[in-house]
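Same order as they appear, the protein sequences are chains A and B. In this text, residue positions in the first sequence follow the numbering used here: the first is 5, and each later residue adds one. In this text, residue positions in the second sequence follow the numbering used here: the first is 168, and each later residue adds one. Even for Gly, the Cβ is constructed at its ideal location relative to N, Cα and C.
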Amino acid sequence: MKARVLIRPKQGILDPQGQTVERALPALGFEGITDVHIGRLVELEVSDPSQLEALCEKLLANTLIEDFEIQLEED
Amino acid sequence: MSLRVGVVRFPGSCDETDALDACAMVTDAELLWHGRTDLDGVDAVVVPGGFSYGDYLRPGAIARFSPVMKAVADFAAEGGPVLGICNGFQVLCEAGLLPGALLTNSGLRFLCKQVDIIVENPSTPWTAACEAGERLSIPVKHMSGRWHADEATVAQLEADGRIAFRYAPGDNPNGSTADVAGVCNEAGNVVGLMPHPEHAVDVLTGSADGLKLFASILKGGDRVGAAN
């Protein structure tokens, strides 16, 4: 089964990447875009998706600073 | 009998020889390859700086699963003195041996500069040769040095005296919470900091203040050797 793990900086933690991208937008003519946050996307193939939660907590995300979301893609 | 300090070497470490030299200025020292499962009976461990495993995923995230880290964790749990420098600090945080996490610098730039740090807790085995409030001139060189912990954790650390080092007022280079440059664990035997004391051991290269951390290991005799 194909799975995606979305990893985001926790709310309230300074995200200088997101802020920098957001500040660059008006110069490119993009208006009205706010709350830009930059995280990570991990794509993987997994036979038993029940392991994913533990995998995220143990390795893929640092839950002190990041939230994760698991998305499964049915075949 | 002199103490022996082990300096861990991961694939991607780059400051292990400086750390080894700094330790060798005060006592015996040897390198410990990350693949070994024991610590060769050393009396103290330094987890050095660099880019272990290429900093893939997050700095320190992969290195913490190295075989040697299980031995380091056991050693730390028994009270053995462990010092994490820069990437080593990141590894110890990822391993849960130290509180908090290290994020990308607030300015999004790799920093390489001399900073002043203040010794907040001189009672750890790595700060015993320092005075409380002593100012040390030590370089930082990192991309992800912004230490972060939630408010409750920071308040607890402050109350327990577990902020080991703080950047001097106005010298916080990376946006670190509460100007924290280094912290220690609850027992005080595990210390981590972003600045590089091993690069400040000779006035020829700007400062010898960093040597005090390594010399501390000889003074902190009550804690050293507790693991053996």
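- DSSP, reduced to helix, strand and coil, places PHE381 of chain B within a helical segment of the structure shown.
- Look at the beta carbons and you see the segment 236-248 of chain B not touching the segment 333-347 of chain B: under three pairs across the two are nearer than 8 Å.
- Assignment of alpha helix (DSSP H) within the segment 287-367 of chain B, counting only whole runs of 4 or more residues, yields 318-326 in chain order.
- Going by DSSP, LYS14 of chain A is part of no alpha helix (DSSP H) at all; its letter is neither H nor E.
- In this model, HIS309 of chain B and VAL46 of chain A are separated by some 25 Å (Cα to Cα).
- DSSP lists B:PRO306 as the bridge partner or partners of GLN281 of chain B.
- By the rule that beta-carbons nearer than 7 Å mark a contact, SER273 of chain B touches chain A.
- For the C-beta of LEU59 of chain A, not a single chain B residue is nearer than 7 Å; the gap to the nearest is close to 12 Å.
- Per DSSP, the continuous beta strand (DSSP E) segment holding ALA268 of chain B begins and ends at 268-270.
- One alpha carbon belongs to VAL258 of chain B, the other to ALA230 of chain B, and they sit about 6 Å apart.
- By the rule that beta-carbons nearer than 7 Å mark a contact, ALA268 of chain B touches chain A.
- Between ARG333 of chain B and ALA348 of chain B, the C-beta spacing is below 7 Å.
- Note on the segment 36-77 of chain A: whole beta strand (DSSP E) runs with a minimum of 3 residues are 44-49, 70-77, in chain order.
- Within chain B, the residues placing a beta-carbon under 9 Å from that of ILE17 of chain A are LEU270, HIS315, ordered along the chain.
- Look at ARG276 of chain B here: in three-state DSSP terms it is coil, with no helix or strand label.
- Following the DSSP letters along the chain, one finds ARG171 of chain B inside the beta strand (DSSP E) bounded by residues 171-176.
- Contact between LEU270 of chain B and ARG313 of chain B holds, since their C-beta atoms are separated by about 4 Å, short of 8 Å.
- Interface criterion not met: the Cβ of ARG231 of chain B is under 7 Å from no Cβ in chain A.
- Bridge pairing for LYS237 of chain B: absent [DSSP].
- Non-local C-beta neighbours of ARG12 of chain A in its own chain, meaning closer than 7 Å and more than five positions away in sequence, comprise HIS41, GLY43, GLU70, ASP71, ordered along the chain.
- With distances taken between CA atoms, PRO248 of chain B lies nearest to B:TRP293 out of B:TRP293, B:ASN272, B:ILE284.
- Within a 10 Å sphere around the beta-carbon of ARG176 of chain B sit 16 or more other beta-carbons, which makes this residue buried.
- Looking at the backbone, the Cα of PRO30 of chain A and that of ASP317 of chain B are separated by about 33 Å.
- Note that the segment 362-372 of chain B touches the segment 180-187 of chain B; at least 3 beta-carbon pairs, one per stretch, sit closer than 8 Å.
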